[in-house]
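>
Protein chains: 2
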Amino acid sequence: MTLDKILEQIQNAESIVILTHQTPDGDAIGSSLAMKLALENMGKSPDVIVPEVPEVYNFLPGREDIKAESDVKQYELAISVDCATEMRIDGKEYFENAKHTIVIDHHGSNTMYGDFNYVNPVSPACCDILAGIFDYYDINITKDIGTCLLTGIITDTGGFKYPATTAETFEFAAELLRKGVNVSEIYKRTMDTMSRATFELTKRVMDRMEILEDGKVAFTYITKKDVNEVNAKPGDHEGLVNIGRNLSGVQVSIFIRQNEEDKDEYRVSMRTNGDVNASDICLMFGGGGHPRAAGATVEGTIEEVKEKLMKEIKKVI
Amino acid sequence: MTLDKILEQIQNAESIVILTHQTPDGDAIGSSLAMKLALENMGKSPDVIVPEVPEVYNFLPGREDIKAESDVKQYELAISVDCATEMRIDGKEYFENAKHTIVIDHHGSNTMYGDFNYVNPVSPACCDILAGIFDYYDINITKDIGTCLLTGIITDTGGFKYPATTAETFEFAAELLRKGVNVSEIYKRTMDTMSRATFELTKRVMDRMEILEDGKVAFTYITKKDVNEVNAKPGDHEGLVNIGRNLSGVQVSIFIRQNEEDKDEYRVSMRTNGDVNASDICLMFGGGGHPRAAGATVEGTIEEVKEKLMKEIKKVI
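Below, the structure is given as structure tokens:
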């Protein structure tokens, strides 16, 4: 099966690079570092290249070894984790130039862009898939590997709350807790610590919140000017889309943020409750993701982006 | 042991009333209803008296049978769940008048005010204690009982995130998920649904947030006028204290709300990170709770209450 072929690739490769998606989240960083630590236990010395790691993940084991770039022109093997398309890989040149490529992911919109692809769209997190792979390879899940894996699981399940969370997810958390992994600390650091900048962004996002379509759609935004004014760092806007999502009666929550100052282009984050498929809508704008959490980049002013999105959303609510 | 004596009391009682604390939360309502359903499985017909149940718990099995009051003057047995002191029981006259009394609780500040007391302060939730008791009594935890128990566990652990959460807590969640309990739905309904009133209160709480003592203390408030203006219902202020608690660097978060309009008296909610014991501080004002989550009622204007609290807090941070 694919996992055996992937193992063979790993064992034969002289040089390995691990890559993940742009604006990496907990599952992206957790998967990258868990894979690195596991490969090290197999006697390999992989590079992890992530150009910009949000500060919040600095506590993760192996974080200090993450590189922003590399002198190696051609790796023998590139492993992409938690990334749906080749375009979305941060540092995709390393993937393009590699002799062999492996893709491990849990996005339903994954385009199977590797030589070997192991994609499970019902898995709640890429880290959850890795836990299964490590088990299959008989790799001991150490406290450090467990800390990385649980970070991805906690952040991608919203703290065990999204419907993709399974009984096995809870049992895995119990197992890791017994191994000494500090579940509460991971939760606190990744989900429950709000920077002052995020606090200020939250106030603006709430003040600007528009409730549309009879309470079914929540829309809000931040501009690059906001980001600069509150001195926000990458990751400080994470979770802002959930404010609208959690509002009673809301089926679709939209949060858009400007990519560059004085440029009419916005990164859209969409979260849905119930039956609306966020991934389907975002795919229409060249984006993608999961049924209840997806994203895209849309050109236009705030009002124009809103109108473009609402035109599609109105068809399905 | 105590549990055997409690079982004997239950088996012998002709009439039983189940009571819990004022301004009941998920653990209070979940415990009350789980106990009711379990006793019904034992052939008993207990009353559950809770004068005011927050709307959010309307989905719980057995909710429709909760009474606001009762014609029964004297129950043979009163069972208090999740309530630290007799004073805090909502409907304490039923407890006072009962022939025999049982207290089941997980508050460290519990005063052991029953004839039989089963109190475990390291338990993450009263519902967690009940799960153990039902197991000891060989009571089958049905999907309905499980739904009530998990509601208390999820709300009192902040969704499995507080340090009191154990490996057994996760394993119990896995077991309930396998029984068909909808973990994600409970989470969504109890933790992630924000009413429009709460949304408006949140905006005010954030706008008024004061960061004191070099970023270590967060203080904010709402008045009865706020509550009236946004048409808030009981429970709509739940969780507002966590906004300050989650701010990076904050050790003590204080949220106070006015009890009655034109009266200088405030209900204090305190949450702490790290080493500050919230229960110790609140005990000085006649309140109590857990080391990291406690409350009290303090007289004075907003500024006066703040000063009284800060005087004590400054001694320990």
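Chains as they are written, first to last, in our numbering: chain A, 1 to 317; chain B, 1001 to 1317. All C-beta atoms, glycine included, are put in the ideal place defined by N, C-alpha and C. Predicted model, so just to flag it, every value in this text is computed and none were measured.
If we define contact as Cβ-Cβ less than 7 Å, is Y1057(B) a contact residue for chain A?
No - not a single Cβ of chain A is within 7 Å of the one on Y1057(B).
> How would you label Y136(A), buried or exposed, when you count the other beta carbons within 10 angstroms and need 16 or more for buried?
The residue in question, Y136(A), is exposed, as its Cβ has fewer than 16 Cβ neighbours within 10 Å.
> Between the C-alpha atoms of D65(A) and E171(A), what's the straight-line distance to the nearest angstrom?
Cα to Cα, the separation comes out at about 30 Å.
> Residues of chain B with CB closer than 8 Å to the CB of T142(A), please, in chain order.
Those do not exist, as T142(A) stays about 17 Å from chain B at its closest Cβ, beyond 8 Å.
> Determine which residues of the stretch 89 to 119 of chain A have a Cβ less than 7 Å from any Cβ of chain B, and write them out in chain order.
So nothing in the stretch comes that close.
> Sort out for me which residues DSSP pairs H1107(B) with in a bridge.
For H1107(B), which the question treats as bridged, DSSP gives no partner whatsoever.
> Does chain A have any CB closer than 7 Å to the CB of G1159(B)?
So yes, G1159(B) belongs to the interface.
> Report buried or exposed for T2(A), applying the criterion of at least 16 other Cβ atoms within 10 angstroms of its Cβ.
That one is exposed.
> By the criterion of Cβ-Cβ separation under 7 Å, what are the contact partners of S1195(B) in chain A?
Those are S248, listed as they occur along chain A.
> Buried or exposed: R1208(B), going by 16 or more other Cβ atoms within 10 Å of its Cβ?
With fewer than 16 other Cβ atoms within 10 Å, it is exposed.
> Name the residues in the stretch 1194 to 1220 of chain B whose C-beta lies less than 9 Å from a C-beta of chain A; which are they?
Listed in sequence order: M1194, S1195, R1196, T1198, F1199, T1202, K1203, M1206, D1207, M1209, I1211, G1215.
> Beta-carbon of F1255(B) versus every beta-carbon of chain A: anything under 7 Å?
Taking Cβ atoms only, chain A never reaches closer than 7 Å to F1255(B), which makes this a no.
> Quick one: give me the first and last residue of the alpha helix (DSSP H) that F170(A) is part of.
Here the alpha helix (DSSP H) through F170(A) covers 167 to 178.
> CA-CA distance, N1012(B) and E1229(B)?
Approximately 50 Å, taken between the alpha carbons.
> So, does the CB of M171(A) fall closer than 7 Å to a CB anywhere in chain B?
The identity of residue 171(A) in the sequence shown is Glu, whereas the question assumes Met. Yes, its Cβ sits closer than 7 Å to a Cβ of chain B.
> Is the shortest distance between the beta-carbon of S184(A) and the beta-carbons of chain B less than 7 Å?
Yes, S184(A) counts as interfacial toward chain B.
> Return the Cβ separation of I313(A) and V217(A) in integer angstroms, given the expectation that the two are a contact with Cβ distance under 8 Å.
That pair is a contact at about 6 Å.
> Measuring only between beta-carbons, confirm whether D25(A) sits less than 7 Å from chain B.
No, its Cβ sits nowhere closer than 7 Å to a Cβ of chain B.
> Should L177(A) be flagged as near chain B, meaning a C-beta pair shorter than 7 Å?
Closer than 7 Å: yes.
> Tell whether a beta-carbon distance below 7 Å holds between T198(A) and D236(A).
Contact flag set, yes.
> Using beta carbons (cut-off 7 Å, strictly below), is Y136(A) in contact with chain B?
No, Y136(A) lies away from the interface with chain B (no Cβ there is under 7 Å from its Cβ).
> Is DSSP giving K161(A) helix, strand or coil here?
If DSSP states are grouped into helix, strand and coil, K161(A) belongs with coil.
> Quick one: what's got a C-beta closer than 7 Å to T85(A)'s C-beta in the same chain, skipping five residues either side?
Taken in chain order, the residues that qualify are T111, Y113.
> Could you name the residues of the stretch 1223 to 1248 of chain B whose beta carbon sits closer than 9 Å to any beta carbon of chain A, in the order they occur along the chain?
Cβ contacts with chain A come from N1242, I1243, R1245, N1246, L1247, S1248.
> Considering L60(A), what are the terminal residues of the beta strand (DSSP E) in which it resides?
From DSSP, L60(A) is part of no beta strand (DSSP E); its letter is neither H nor E.
> List the residues of chain A that T1155(B) touches, going by C-beta distances under 9 Å, in chain order.
Those within 9 Å of T1155(B) in chain A number zero; the least Cβ separation is about 12 Å.
> Go to M270(A), then tell me how far its beta strand (DSSP E) extends in each direction, as first and last residue.
Run containing M270(A): 265 to 272, per the beta strand (DSSP E) assignment.
> Would you tell me roughly how many angstroms separate the C-alpha atoms of V1183(B) and E1175(B), rounded to the nearest one?
For V1183(B) and E1175(B), the distance between alpha carbons rounds to 11 Å.
> Strictly under 7 Å for the Cβ-Cβ distance: is D1192(B) near chain A by that measure?
Yes - at least one Cβ of chain A is within 7 Å of the one on D1192(B).
> If we define contact as Cβ-Cβ less than 7 Å, is A1278(B) a contact residue for chain A?
Not an interface residue.
> At the level of alpha carbons, what is the spacing between I281(A) and Q22(A)?
Distance between the alpha carbons of I281(A) and Q22(A) is about 20 Å.
> So, for L1240(B): in the same chain, excluding its five sequence neighbours on each side, which residues have a beta-carbon less than 6 Å away from its beta-carbon?
Hits under 6 Å: V1205, F1255.
> So, at 7 Å on beta carbons, what are the nonlocal neighbours of F95(A) in its own chain, with the 5 sequence-adjacent residues on each side left out?
Closer than 7 Å at Cβ, skipping near neighbours: L19, A78, S80, E86, I89, T101.
> Report the three-state DSSP secondary structure of F1285(B) (helix, strand or coil).
Coil, per DSSP.
> Taking I10(A) as the reference, give the member of K67(A), F116(A), E213(A), E69(A) with the closest Cα.
Checked all of K67(A), F116(A), E213(A), E69(A); the closest Cα to I10(A) is F116(A).
> Nearest by alpha-carbon distance to Y75(A): which of I243(A), K99(A), T169(A), D262(A) is it?
Ranking the options by Cα distance to Y75(A), first place goes to K99(A).
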